[in-house]
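The block underneath contains the structure these notes are about, expressed in structure tokens.
There are 2 protein chains.
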Amino acid sequence: MRKHCPRIVIENYYEPCILYLLSRGPSYGYKIQQHIETQLSCGVNISNVYRCLSRLHKEHCVTKAHEPSEEGPDRVVYRITREGKTLLKDWIQDLNKQKQIVNKLINSCSEL
Amino acid sequence: MRKHCPRIVIENYYEPCILYLLSRGPSYGYKIQQHIETQLSCGVNISNVYRCLSRLHKEHCVTKAHEPSEEGPDRVVYRITREGKTLLKDWIQDLNKQKQIVNKLINSCSEL
DNA sequence: ATAACTATATTAAACTTGCATATAGATATG
DNA sequence: CATATCTATATGCAAGTTTAATATAGTTAT
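Chains as they are written, first to last, in the numbering used here: chain Y, 40 to 151; chain E, 40 to 151.
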């Protein structure tokens, strides 16, 4: 018997979370990780945050800039682009669709 | 610019869908595919349905039985086990948690 | 006959994930 | 002053997942 459901979905879909956070202002990997963990109460694998940011940059959804820090080493600060905002909108539509499906499943199962 | 969000979550998480359908009665791969598509309006890759059923069987969450069909070739009919029902319950809990996160994201973004 | 539908399953390539590891500056503690 | 902890970014590898293609084969309709 398996211990548990292997993956909780949203935890593996950093993209909309990161795009959302960046839509509220520039940020960088380390800080984004902490925001997701505190604001969304999601476990985060830091590797995936950096990988996701890389991908978004390659796809022109964010810009990249090296900036000094007062608390530690330099940061790579990301800013969302117009393309990134479009992608976020698409994500929200998909999440809405998904929400309906999840609701259908949960409601159906609660009747069991 | 990427065309679209690459994956909508639930479409790739057949497991709770399949477990739910099986909790309502025995079924088989081909029929499950159609049920997910019609009842949940989800696109389904049939390969993944069979693979998911295989995995569930390997983990003793479903039983397997070859049964003849009147409309085509034999079917492999699956039935959910007690372990499968437990797994479904775990899934529902996780989906509830996920739903909250998705709501938080959607609501935050709708303010933009 | 032949196409379309029913039905199951595997292969190969591409992709994703988690964990480990590497690097390195800044700060705190003993 | 040495060492640990925190801040910060990034990649390699093994394992797992997904998609598309392919193989097989019985049944039904035209």
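C-beta: ideal position from N, C-alpha, C; glycine also. Quick caveat: nothing in here was measured; it's all calculated off a predicted structure.
Nearest-angstrom Cα separation, counted from residue j out to residue i
i	j	result
Y:ARG123	Y:CYS81	Reading off the sequence, residue 123 of chain Y comes out as Gly, not Arg. If I take the Cα positions, the gap works out to 22 Å.
E:ILE57	Y:ASN146	15 Å
Y:ILE131	Y:THR77	21 Å
E:LEU79	E:SER66	16 Å
E:LEU127	Y:PRO112	46 Å
E:HIS74	Y:ARG63	40 Å
E:THR125	E:SER86	25 Å
E:ILE69	Y:PRO55	Ile is not the amino acid found at residue 69 of chain E; the sequence shown has Tyr there. So the alpha carbons of these two residues sit roughly 33 Å apart.
E:VAL83	Y:ALA104	41 Å
E:HIS99	E:THR120	7 Å
E:TYR59	Y:CYS148	7 Å
E:ILE71	Y:ILE71	39 Å
Y:ARG193	Y:TYR53	No statement about residue 193 of chain Y is possible, as the shown extent of chain Y runs from 40 to 151 and does not include it.
Reduced DSSP category for residue i - H, G, I as helix; E, B as strand; rest coil
i	result
Y:VAL83	coil
E:TYR59	helix
Y:TYR89	helix
E:SER147	helix
Y:GLU106	strand
E:TYR69	helix
E:TYR53	helix
Presumed contact (8 Å Cβ cut-off) between residue i and residue j, rounded CB distance
i	j	result
E:LEU144	Y:LEU134	6 Å
E:VAL116	E:GLU109	Not confirmed; about 14 Å, so no contact.
Reference residue i; option with closest CA among the options
i	options	result
Y:VAL101	Y:TYR52, Y:CYS148, Y:LEU61	Y:LEU61
Can at least three beta-carbon pairs, one atom from the stretch 72–90 of chain E and one from the stretch 131–141 of chain E, be found at a separation below 8 Å? no
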